[in-house]
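Shown next, in structure tokens, is the structure this report addresses.
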Amino acid sequence: VAISTDLKHWTKYGPIFKNSRNRRTLVNEPHKSASIVTTLKGNKQVIAKINGKYWLYWGEHGVYGATSDNLIDWEPVTDNRGTLKAFISPRDGYFDSSLTECGPPAVLTDKGIVLLYNGKNHAEKGDVRFNKNTYSAGQVLFSPRDPTSVLARMDVPFLRPMESFEKSGQYIDGTVFIEGLVFFKQKWFLYYGCADSKVAVAIYDPRHPGLMDPVPEL
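So the sequence shown is numbered by this note's numbering: it starts at 465 and just counts up by one.
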């Protein structure tokens, strides 16, 4: 965690789990990606509280959760035995069959919490409609009252490598790796990495939605 009031000068507070009671459960679990839960207030995207707590989703081989009272010290969500609780995991036969890695900040809406995540297609157990090892973007909807409860999950990606700049560079299998989400002038701007070589932006205008991606039928 790092905090700034001007985006130039930053104060670092270190890893989010450094003071966690469950640090031992995190030793062998990748947790480089995290998506804090936000909401729209007017035209501003701000960090939200749910049931008196701040929430974030994190994880690479599965999506886990954590809560905080101060945005600096976080506790992972575990079961009664102290084991990390996975909310979603990779699925054989789907675009996210190899990993499910958190993307940009999640958004609390009147229908639930929308989490955008990155899915990797497994080389042997993935969706045959997409290239092996390709990275695409999915969405999962969590309950607005219980951030651990999954209400719905996409079976096909809403964003996938289709352009040449998304399939050439350091990762030629194809990558759209979503990381940043901004609400600006009534539109959503989604920033993503292209084949680990470039950065692009996809725009969603709620007033004029784009056409659906014609994903081939199985």
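Heads up, the beta-carbon is just placed ideally off N, CA and C, and yes, glycines get one too.
Query raised in the report: Helix, strand or coil for S628 per DSSP?
Result: Taking the sequence shown and counting its residues from 1, one reaches residue 628 at position 164. Three-state DSSP puts S628 in a helix.
Query raised in the report: Using the beta-carbon count (16 or more within 10 Å), is H672 buried or exposed?
Result: Looking up residue 672 in the sequence shown gives position 208. Its Cβ having fewer than 16 others within 10 Å, H672 is exposed.
Query - Rounded Cβ spacing between V426 and P625 (contact assumed at less than 8 Å) - result: This structure gives no information on residue 426, because the portion of the chain shown stretches from 465 to 682.
Query raised in the report: Under 9 Å between the Cβ atoms of G657 and A664?
Result: One-based indexing of the sequence shown puts residue 657 at position 193. One-based indexing of the sequence shown puts residue 664 at position 200. Taking 9 Å as the Cβ cut-off, G657 and A664 qualify as a contacting pair.
Query raised in the report: Grouping DSSP H, G and I as helix and E and B as strand, with all else coil, what is T489?
Result: As a first step, residue 489 is located in the sequence shown; it is residue number 25 there, counting from the start. Note: T489 maps to helix in three-state DSSP.
Query raised in the report: Enumerated in chain order, which unbroken segments of the beta strand (DSSP E) with a length of 3 residues or greater are wholly contained in the region 550-618?
Result: 563-566, 570-572, 577-584, 599-606 and 614-617
Requested in this report: For T699, count neighbouring Cβ atoms within 10 angstroms of its own Cβ and tell me buried if that reaches 16, exposed if not.
Outcome: This structure gives no information on residue 699, because the portion of the chain shown stretches from 465 to 682.
Query raised in the report: Using the rule of at least 16 other Cβ atoms within 10 Å of the residue's Cβ for burial, across every protein chain shown, is I642 buried or exposed?
Result: Here residue 642 is taken as the residue at index 178 of the sequence shown, counted from 1. The residue is buried, with at least 16 neighbouring Cβ atoms inside 10 Å.
Query raised in the report: Can you check whether the CB of L520 is closer than 9 Å to the CB of G506?
Result: The residue you call residue 506 lines up with position 42 of the sequence shown. The residue you call residue 520 lines up with position 56 of the sequence shown. Against a cut-off of 9 Å, the Cβ pair of L520 and G506 comes out as no contact.
Query raised in the report: If you count every other CB in all the chains shown that lies within 10 Å of the CB of S600, and 16 or more means buried, which is it?
Result: Here residue 600 is taken as the residue at index 136 of the sequence shown, counted from 1. So S600 counts as buried.
Requested in this report: Assign F606 to one of two classes, buried (16 or more other C-beta atoms within 10 Å of its C-beta) or exposed (fewer than that).
Outcome: Within the sequence shown, numbered from 1, the residue matching residue 606 stands at position 142. That one is buried.
Requested in this report: Answer yes if the region 555-574 comes into contact with the region 534-543, meaning at least three C-beta pairs across the two stretches below 8 Å, and no otherwise.
Outcome: no
Requested in this report: Using the DSSP secondary-structure output, state which residues sit across from L548 in a beta bridge.
Outcome: As a first step, residue 548 must be located in the sequence shown, where it is residue number 84. According to DSSP, L548 bridges with T542.
Query raised in the report: Candidates K584, D574, S484 and F653: which alpha carbon is nearest Y635's?
Result: Position 171 of the sequence shown holds residue 635. Out of K584, D574, S484 and F653, K584 has the C-alpha closest to the C-alpha of Y635.
Report task. For A659, name the three-state secondary structure that DSSP assigns. Result -> Here residue 659 refers to the residue found at position 195 when the sequence shown is read from its first residue. A659: coil per DSSP, three-state reduction.
Query raised in the report: What is the rounded straight-line gap between the Cα of A550 and the Cα of P479?
Result: For the purposes of this step, residue 550 is taken as residue 86 along the sequence shown, with counting starting at 1. For the purposes of this step, residue 479 is taken as residue 15 along the sequence shown, with counting starting at 1. Cα-Cα distance, rounded: 20 Å.
Report task. Under 7 Å Cβ to Cβ from H586, same chain only, skipping five residues before and after it: list those, please. Result -> Taking the sequence shown and counting its residues from 1, one reaches residue 586 at position 122. Excluding sequence neighbours, H586 sits near S561 and S562.
Requested in this report: Would you decide whether I467 is buried or exposed? Buried here means 16 or more other CB atoms lie within 10 Å of its CB.
Outcome: Locating residue 467 in the sequence shown gives position 3, counting from the first residue. Answer is exposed; the Cβ neighbour count stays below 16.
**Report entry** DSSP three-state assignment for Y668, whether helix, strand or coil
**Finding:** Position 204 of the sequence shown holds residue 668. In the structure shown, Y668 sits in a strand (DSSP, three-state: E or B).
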